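Q: Starting off with a structure, shown below.
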DNA sequence: GTGGCAAGGTGTACGGCGTACACCTGCTAA
DNA sequence: TTAGCAGGTGTACGCCGTACACCTTGCCAC
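Residue numbers (our numbering), protein chains in the order written: chain R, 284 to 526; chain D, 284 to 526.
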């Protein structure tokens, strides 16, 4: 289709495949991304892909490795906290460009070179900041997926917005549903209203996700800072030796 | 098979289906759980299930609702922190019994009655503890999936343990791989060794997951406590009205 | 009892998926 | 000129979720 006629038919390679997969996933999401669909995008028969990636899992791993390179390197000349903060926010912006990546990262048991390299450099930010190995270890656990710039969003999805049409009759139904929610889940409603002045949103409509993320991140970083400053050490590490 | 001969053939119902699905997922994991496999477990033809659940997504939602009921209700007579802490640890133990649930919760855009009820009661713990609606809202975001007692485990999976056999020749290869890792990801290795005295584990082998979870949880709760004590308020909430 | 009716179980079939395997094609190096 | 091989092709298999038409069963009003 795209290279019809006498076009020279550029050769495929692993990079072109991964790049195309990332672009496609950006466009249509991760669920409809199949080997067949990707092949079609590349004007090639499905099995051709298998000359460049071993299987679909490897494709997904490769896609992650591609987007990791978009994360900014650690800044220099700043305190550990700002370095870590900046890096995480950079990762966050990358993950926001590639929404599918969150799910893939969650699902995958990641151990690709790219992931390891990122983790290595991430750990380095703490060690370079004067953290003990012990504290760094626990801190890495505490940060968890926030390292990638995402948290489980509990309040996602505005609510099932009923596409359009059937407005009036639906309005009454929606009113009723709203009443029912208020009766059964009063607290959820209270919280939802705290940020969304439009009650139709029911949950999280007007949330400023970026604010929420940074709020939680700073809570964490401040806690870590405090532990670091007071020379915190786990009981485990206090044991002089295993003997 | 199981009810051969003249056995009375107990009737199916939504509950039996969900219960069986949970049990099956506990046994074989979530990935191999198909409608066909589940039907077979219930000694029934696949399509029979669709008389009790609309489709597979609804099945998964239903499974979540089933296990939510296993989470202990909030304790009474304690401060908010202990109540929240206890509840989260209870959720954690449930999710540990049903390992598949983490993935399902992550994937799903959950809004089942069970999930809403749990969230509602969860929010209630803060409001009852004297938290402002504003702070509670942000705190809920900060807690995120920790509400369910899990964090993204970055150090999971000991390493690809090569099943058995081919021990000696492999040993040399493993040595080489180890050297290579040490060269390319020194920090990762350092951290891994901090908790696992056996270097073969490479990452996180000897981690005490429960300790790590509680470490991160307490970091969070302490931070929240501090904000609460000092009457923290978001700028947003300080605006008197929208006008 | 008997006819009808709804709830629930069955059988067949379709389109999609990942991918094994045998094959063909066209470029490169000798 | 030709051998070799990297890379693209075609066919096929066994899974998946599920639409749709059908049959069975047990209950109820008559």
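Quick reminder that beta carbons are idealized off the backbone N, C-alpha and C, glycines included. Given the structure is predicted, the values throughout are model-derived calculations rather than measurements.
1) Using the beta-carbon of each residue, which ones in chain D are nearer than 8 Å to residue 395 of chain R?
2) Closer than 9 Å, CB to CB, is residue 341 of chain R near chain D or not?
3) Compare the C-beta of residue 352 of chain R against all C-beta atoms of chain D and say whether one is closer than 9 Å.
4) Could you pull out every residue in the same chain whose Cβ sits closer than 6 Å to the Cβ of residue 358 of chain R, ignoring the five residues on either side in sequence?
5) Extract the residue ranges of the alpha helix (DSSP H) inside the region 309 to 390 of chain R, only unbroken runs of 4 or more that lie entirely within it.
6) Quick one: what's got a C-beta closer than 6 Å to residue 354 of chain R's C-beta in the same chain, skipping five residues either side?
7) If we cut at 9 Å on Cβ distances, does residue 356 of chain D have a partner in chain R?
8) Would you verify that the beta carbon of residue 337 of chain D is, or is not, closer than 9 Å to some beta carbon of chain R?
9) Determine, using beta carbons only, whether residue 470 of chain D and residue 507 of chain R come nearer to each other than 9 Å.
10) With three or more beta-carbon pairs closer than 8 Å as the criterion, would you say the region 330 to 339 of chain D touches the region 294 to 311 of chain D?
11) To the nearest angstrom, report how far apart residue 364 of chain D and residue 515 of chain D are at their CA atoms.
12) Could you tell me how far apart the beta carbons of residue 336 of chain D and residue 300 of chain D are, in whole angstroms, since I believe they sit closer than 8 Å?
13) With respect to 8 Å, is the separation between the Cβ of residue 405 of chain D and the closest non-hydrogen atom of the ligand COA below this value?
14) Taking the continuous alpha helix (DSSP H) assigned at residue 401 of chain R, which residues delimit it?
15) I'd like to check one pair, residue 381 of chain D with residue 492 of chain D: are the Cβ atoms closer than 9 Å?
16) For residue 514 of chain D, name the three-state secondary structure that DSSP assigns.
17) Would you report the Cα separation of residue 342 of chain R and residue 327 of chain R, rounded to the nearest angstrom?
18) How about residue 417 of chain R: is its C-beta nearer than 9 Å to some C-beta of chain D?
19) Would you mind telling me which residues of chain R sit closer than 7 Å to residue 421 of chain D, beta carbon to beta carbon, in chain order?
20) Is residue 403 of chain D close to chain R? Criterion is C-beta to C-beta, closer than 9 Å.
21) Note down, in chain order, every chain D residue with its Cβ under 7 Å from the Cβ of residue 511 of chain R.
22) At least one CB of chain D closer than 9 Å to the CB of residue 305 of chain R: is that the case?
23) Assign residue 445 of chain D to one of two classes, buried (16 or more other C-beta atoms within 10 Å of its C-beta) or exposed (fewer than that).
24) Is the beta carbon of residue 494 of chain D closer than 9 Å to that of residue 432 of chain D?
25) Are residue 427 of chain R and residue 499 of chain D touching if we call contact CB-CB under 9 Å?
26) Tell me which residue opens and which closes the alpha helix (DSSP H) that residue 418 of chain D is part of.
27) Given that residue 470 of chain D touches chain R, what residues does it touch there, using C-beta distances under 7 Å?
28) Out of curiosity, what's the CA-to-CA distance linking residue 410 of chain D and residue 476 of chain D?
29) Going by DSSP in three states, residue 472 of chain D sits in which element: helix, strand or coil?
30) Measure how close the beta-carbons of residue 400 of chain R and residue 401 of chain D come, nearest whole angstrom, since I'm counting them as under 8 Å.
31) Measuring straight from C-alpha to C-alpha, what distance separates residue 390 of chain D and residue 386 of chain R?
32) With a threshold of 16 other CB atoms inside 10 Å of the CB of residue 513 of chain D, please say whether the residue is buried or exposed.
33) In chain D, which residues lie less than 7 Å from residue 399 of chain R when you measure between Cβ atoms?
34) Would you mind telling me which residues of chain R sit closer than 7 Å to residue 505 of chain D, beta carbon to beta carbon, in chain order?
35) Run down chain D in chain order and give the residues with a C-beta less than 9 Å from the C-beta of residue 381 of chain R.
36) For chain R, check one thing: does any of its Cβ atoms lie closer than 9 Å to the Cβ of residue 502 of chain D?
A: According to the structure data:
1) Simply none; closest approach about 12 Å.
2) no
3) Cβ-Cβ to chain D under 9 Å: no for residue 352 of chain R.
4) Same-chain partners within the cutoff: 366 and 369.
5) 318 to 324, 339 to 351, 363 to 380 and 383 to 390
6) So the list reads 373, 374 and 377, once near-sequence residues are dropped.
7) No, because no Cβ of chain R sits closer than 9 Å to the Cβ of residue 356 of chain D.
8) Interface flag for residue 337 of chain D against chain R is unset, since no Cβ pair is found closer than 9 Å.
9) The answer is no: Cβ separation not under 9 Å.
10) Yes, since at least three Cβ pairs between the region 330 to 339 of chain D and the region 294 to 311 of chain D fall closer than 8 Å, the two stretches touch.
11) 17 Å
12) Confirmed, about 6 Å.
13) What this structure holds is no ligand at all, so the ligand COA is not there to describe.
14) 396 to 411
15) no
16) coil
17) Rounded to the nearest angstrom, the two C-alpha atoms are 16 Å apart.
18) yes
19) 495 and 498
20) yes
21) In chain order: nothing, as chain D lies at least about 12 Å away.
22) no
23) Residue placement at residue 445 of chain D is flagged as unreliable, the pLDDT there being 37, under the threshold of 50; the coordinate-derived value follows with that caveat. With fewer than 16 other Cβ atoms from the protein chains shown falling within 10 Å of its own Cβ, residue 445 of chain D counts as exposed.
24) no
25) In this structure, the beta-carbon distance from residue 427 of chain R to residue 499 of chain D falls below 9 Å.
26) 416 to 426
27) 403, 406, 407 and 410
28) 43 Å
29) helix
30) Between residue 401 of chain D and residue 400 of chain R the Cβ distance is about 39 Å, and since that is not below 8 Å, they are no contact.
31) 7 Å
32) The C-beta of residue 513 of chain D has fewer than 16 other C-beta atoms within 10 Å across all chains shown, which makes the residue exposed.
33) 468 and 471
34) 506
35) Correct list: empty, because the minimum Cβ distance to chain D is about 17 Å.
36) yes
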